[in-house]
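One line per chain: the protein sequences are R and P, in this order. Numbering follows our numbering, with no gaps: position 86 of the first sequence is 86. Positions in the second sequence are counted from 1; adding 122 to them yields our numbering. Okay, so here's the structure we're looking at.
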Amino acid sequence: MTVDFSRDKPIYTQLVEKICGDIIRGNRRLGDKMPSVREYALEVGVNVNTVQRVYKELEQMELTETKRGQGTYITNDRNKVDHLREQMKEKIVEQFFHSIEEFGFTKKEIMEQLQKQGEENK
Amino acid sequence: MISVQQVKYQYGKKVVLEDVTFTLPEGKIIGLIGENGCGKSTLLRLLAGVKNPTKGKIELGGQVITHQSAKEIAYLPDIDEFYPHLTGDDIFSFYQSQFNDFSKQKAEEIALFLQVEIDKKMKKMSKGQRGRIKMAATLGRNVSVYLMDEPFSGLDPMVREVLIKGLIKFLDGNNQTILLSTHELHEVEPILDGLLLLKDGKVASFENLEVLREDWQQDATQWMKKQYSKG
């Protein structure tokens, strides 16, 4: 299905994040084959040039490897994926702290709230 | 590559286009946008060689575009009266007789992908079906430049989506350039590389869309409104 993009951020960064999310959640596993550029462009409903840029970016992040004549694969290196997970965790927490500060909450009251809601969600 | 230099087009006393200069890069999909009556259709007709500019020069790969060289360009006009008595199949045969670069097999494959029957007469088809036949006939040609005048206009969202997918699937992104005019900016935006904005017969702006999103955090519609309100 076509992806609904937020129109105020570059589409290629949104797609890179989407694929990173797939990898972290395990929807795309180590060594999995990625669709071809055109297949993926069709799947998400964007221009082929944009997907080319996404694939280049993923390769630079060393999350994928392109094997000549065979296509693009998710890395086989577990460390790379673990590293990505850690980075993403840090990023989420950073954003979280940022909004806490914006509203002037103390860390203590937020921790208490986290615990409370965490219990409820169990 | 198409280069447009200081083009003016006058119709009687009315100046439709003035001092239009830009270069269409290879392998990109560019949206031609602007208010009704700003000269989009006229510009596409000039580029297609259907009309000649009053002043200025339009070149394709260094050659001035004439009615002849326009054979290397596929043009999809915005008229709906597209050969009413012919079936889709007849239209494909007609295209094959007119254009050496046309592949009937490819057009049929595209029609299949767009889910439209090719043995019905155009006048018996819905507007959405005619829109799909037009798209299949246009993309059935293998050329370096495609000019499309409002290919999604008046079609329902499902048809628009399948046509957009057809463009992604059947165009060679590296070598083929598309310039398409549209008002359905929000839907078409994800497949566009750039925007060419016309305002009162002049090029108001020519921008790369990812740059707009990155540097200005704006989507195409916001940006267009801002360009128009500049006065």
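Each residue gets a CB set at the ideal place from its N, CA and C atoms; glycine is no exception.
Determine the extent of the alpha helix (DSSP H) in which GLN117 (chain R) is found, giving its start and end residues. Indexing the first sequence from 1 puts residue 117 (chain R) at position 117. Counting along the chain, the alpha helix (DSSP H) containing GLN117 (chain R) begins and ends at 107–121.
At the 9 Å Cβ level, is LEU42 (chain R) part of the contact set with chain P, yes or no? Position 42 of the first sequence, counted from the first residue, corresponds to residue 42 (chain R). Yes, LEU42 (chain R) counts as interfacial toward chain P.
Just the C-alpha distance for GLU336 (chain P) and LYS150 (chain P), rounded to the nearest angstrom, thanks. Counted from its first residue, the second sequence places residue 336 (chain P) at position 214. Counted from its first residue, the second sequence places residue 150 (chain P) at position 28. Computed Cα separation, rounded: 19 Å.
Test: THR260 (chain P) CB closer than 9 Å to a CB of chain R: Here residue 260 (chain P) refers to the residue found at position 138 when the second sequence is read from its first residue. No, because no Cβ of chain R sits closer than 9 Å to the Cβ of THR260 (chain P).
Does the beta carbon of ASP278 (chain P) come closer than 9 Å to any beta carbon on chain R? Numbered from its first residue, the second sequence carries residue 278 (chain P) at position 156. So, not an interface residue.
Rounded straight-line distance, which links the Cα of GLU306 (chain P) to that of ASP278 (chain P): Indexing the second sequence from 1 puts residue 278 (chain P) at position 156. Indexing the second sequence from 1 puts residue 306 (chain P) at position 184. Roughly 11 Å separates the two Cα atoms.
Determine whether the Cβ of GLY183 (chain P) lies closer than 9 Å to any Cβ atom of chain R. As a first step, residue 183 (chain P) must be located in the second sequence, where it is residue number 61. No, no contact with chain R.
Below 9 Å between beta carbons is the criterion; list the residues of the stretch 146–162 of chain P that meet it against any residue of chain R, in chain order. Within the stretch 146–162 of chain P, contact with chain R at the beta-carbon level (separation under 9 Å) is assigned to GLY149, LYS150, ILE151.
Beta strand (DSSP E) runs wholly inside the stretch 41–68 of chain R, at least 3 long, in chain order: Taking only runs of at least 3 residues, the beta strand (DSSP E) segments lying wholly in the stretch 41–68 of chain R are 64–67.
For the alpha helix (DSSP H) that contains TYR12 (chain R), what are its first and last residues? In the first sequence, the residue the question calls residue 12 (chain R) occupies position 12. Looking at the DSSP string, the run of the alpha helix (DSSP H) that includes TYR12 (chain R) is 11–25.
Where does GLN349 (chain P) sit, in a helix, a strand or coil, going by DSSP? The residue labelled residue 349 (chain P) in the question sits at position 227 within the second sequence. Under the three-state reduction of DSSP, GLN349 (chain P) is assigned to helix.
Opening and closing residue of the alpha helix (DSSP H) in which ASN79 (chain P) lies: Absent from the structure is residue 79 (chain P), since the part of chain P shown begins at 123 and ends at 353.
Is it true that the CB of LEU165 (chain P) sits closer than 9 Å to the CB of LEU182 (chain P)? What you label residue 182 (chain P) is simply residue 60 of the second sequence in a count that begins at 1. What you label residue 165 (chain P) is simply residue 43 of the second sequence in a count that begins at 1. No. Outside cutoff.
Contacts around VAL16 (chain R), its chain only, beta-carbon distance under 6 Å, and the 5 residues preceding and following it disregarded: Along the first sequence, one-based indexing puts residue 16 (chain R) at 16. Answer for VAL16 (chain R): VAL54, GLU57, listed in chain order.
Using a Cβ-Cβ cut-off of 9 Å, state whether LEU293 (chain P) counts as contacting chain R. In the second sequence, the residue the question calls residue 293 (chain P) occupies position 171. In terms of beta-carbon proximity, LEU293 (chain P) lines the interface with chain R, with at least one pair separated by less than 9 Å.
Nearest chain R C-beta to THR299 (chain P) closer than 9 Å, yes or no? Looking up residue 299 (chain P) in the second sequence gives position 177. Nearest CB-CB separation between THR299 (chain P) and chain R: not below the 9 Å threshold.
Based on Cα-Cα distance, which residue from P:LYS246, P:ILE300, P:ARG263 lies nearest to GLU272 (chain P)? For the purposes of this step, residue 272 (chain P) is taken as residue 150 along the second sequence, with counting starting at 1. Sorting P:LYS246, P:ILE300, P:ARG263 by C-alpha distance to the C-alpha of GLU272 (chain P) places P:ILE300 at the top.
Listed by chain order, chain P residues near VAL46 (chain R) by CB distance under 9 Å: One-based indexing of the first sequence puts residue 46 (chain R) at position 46. Counting only Cβ-Cβ distances below 9 Å, VAL46 (chain R) has contacts in chain P at ILE290, PRO312, ILE313, in chain order.
Decide if the stretch 185–192 of chain P is in contact with the stretch 342–353 of chain P; the criterion is three or more beta carbon pairs, one per stretch, under 8 Å apart. Between the stretch 185–192 of chain P and the stretch 342–353 of chain P, the count of C-beta pairs closer than 8 Å stays below three; the two stretches do not touch.
By the criterion of Cβ-Cβ separation under 8 Å, what are the contact partners of ILE24 (chain R) in chain P? If you number the first sequence from 1, residue 24 (chain R) lands on position 24. Below the 8 Å Cβ cutoff, chain P contributes no neighbours of ILE24 (chain R), its closest Cβ being approximately 24 Å away.
Neighbour flag for ARG335 (chain P) against chain R, beta carbons, 9 Å: Within the second sequence, numbered from 1, the residue matching residue 335 (chain P) stands at position 213. Yes, its Cβ sits closer than 9 Å to a Cβ of chain R.
Between R:ALA41, R:MET88, R:GLU109, which lies nearest to ILE286 (chain P) when the distance is taken from Cα to Cα? Reading the second sequence from its first residue, position 164 is the one you call residue 286 (chain P). In terms of Cα proximity to ILE286 (chain P), the closest of R:ALA41, R:MET88, R:GLU109 is R:ALA41.
Are the C-beta of ALA233 (chain P) and some C-beta of chain R separated by less than 9 Å? As a working note, residue 233 (chain P) is residue 111 in the second sequence. Not a single C-beta of chain R is nearer than 9 Å to the C-beta of ALA233 (chain P).
Let me know the secondary structure DSSP gives MET1 (chain R) once reduced to three states. For the purposes of this step, residue 1 (chain R) is identified with residue 1 of the first sequence, where counting begins at 1. Note that MET1 (chain R) has pLDDT 47, beneath the 50 cutoff, so the model's placement of it is unreliable and the number below is only indicative. Secondary structure at MET1 (chain R): coil, using DSSP grouped into helix, strand and coil.
Spatial neighbours of THR161 (chain P) within its chain, please: CB distance less than 7 Å, with the 5 preceding and 5 following residues excluded, ordered by chain position. Stepping through the second sequence from its first residue, residue 161 (chain P) is reached at position 39. The identity of residue 161 (chain P) in the sequence shown is Gly, whereas the question assumes Thr. Only VAL138, LEU139, LEU320, GLY323 meet the Cβ criterion.
ALA196 (chain P) beta carbon less than 9 Å from that of VAL238 (chain P): In the second sequence, residue 238 (chain P) corresponds to position 116, counting from 1. In the second sequence, residue 196 (chain P) corresponds to position 74, counting from 1. Remark: C-beta atoms of VAL238 (chain P) and ALA196 (chain P) do not approach each other more closely than 9 Å.
Would you decide whether THR106 (chain R) is buried or exposed? Buried here means 16 or more other CB atoms lie within 10 Å of its CB. Position 106 of the first sequence, counted from the start, is the residue given in the question as residue 106 (chain R). Classified as exposed, THR106 (chain R) has fewer than 16 neighbouring CB atoms from the shown chains inside 10 Å of its CB.
Could you work out which residues of chain P lie near ILE11 (chain R), taking near to mean beta carbons separated by less than 9 Å? By 1-based counting over the first sequence, the position of residue 11 (chain R) is 11. Within chain P, the residues near ILE11 (chain R) are GLU311, PRO312, LEU331, GLU332, ARG335.
Buried or exposed: which applies to MET257 (chain P), given that a residue is buried once 16 or more other Cβ atoms fall within 10 Å of its Cβ? Numbered from 1 along the second sequence, position 135 holds the residue referred to as residue 257 (chain P). Buried, because 16 or more other Cβ atoms sit within 10 Å of the Cβ of MET257 (chain P).
ARG252 (chain P), DSSP secondary structure in three states: Translated into positions along the second sequence, residue 252 (chain P) becomes position 130. ARG252 (chain P): helix per DSSP, three-state reduction.
So that I know if they touch, is there some Cβ in chain R lying closer than 9 Å to that of HIS308 (chain P)? Locating residue 308 (chain P) in the second sequence gives position 186, counting from the first residue. For HIS308 (chain P), the answer is yes, since a Cβ of chain R falls inside 9 Å of its Cβ.
Considering only the alpha carbon of each residue, which of P:GLY210, P:LYS246, P:LYS179, P:ASN222 lies closest to ARG254 (chain P)? Taking the second sequence and counting its residues from 1, the one referred to as residue 254 (chain P) is at position 132. For the set P:GLY210, P:LYS246, P:LYS179, P:ASN222, the Cα lying nearest the Cα of ARG254 (chain P) is the one of P:GLY210.
Members of the stretch 76–89 of chain R that neighbour chain P once the beta carbon cut-off is set at 8 Å: Among the residues of the stretch 76–89 of chain R, none has a Cβ less than 8 Å away from any Cβ of chain P.
Less than 6 Å between C-beta atoms, sequence neighbours within five positions excluded: which residues of the same chain meet that for THR145 (chain P)? Locating residue 145 (chain P) in the second sequence gives position 23, where the first residue counts as 1. Around THR145 (chain P), the same chain offers SER125 as residues with beta carbons nearer than 6 Å, after the five sequence neighbours per side are excluded.
Assuming SER219 (chain P) is part of the beta strand (DSSP E), what are its boundary residues? If you number the second sequence from 1, residue 219 (chain P) lands on position 97. Segment 210–220 is the alpha helix (DSSP H) holding SER219 (chain P); no beta strand (DSSP E) there.
Which residues, in chain order, does the stretch 130–142 of chain P contribute to contact with chain R at a C-beta distance below 8 Å? Within the stretch 130–142 of chain P, no residue qualifies.
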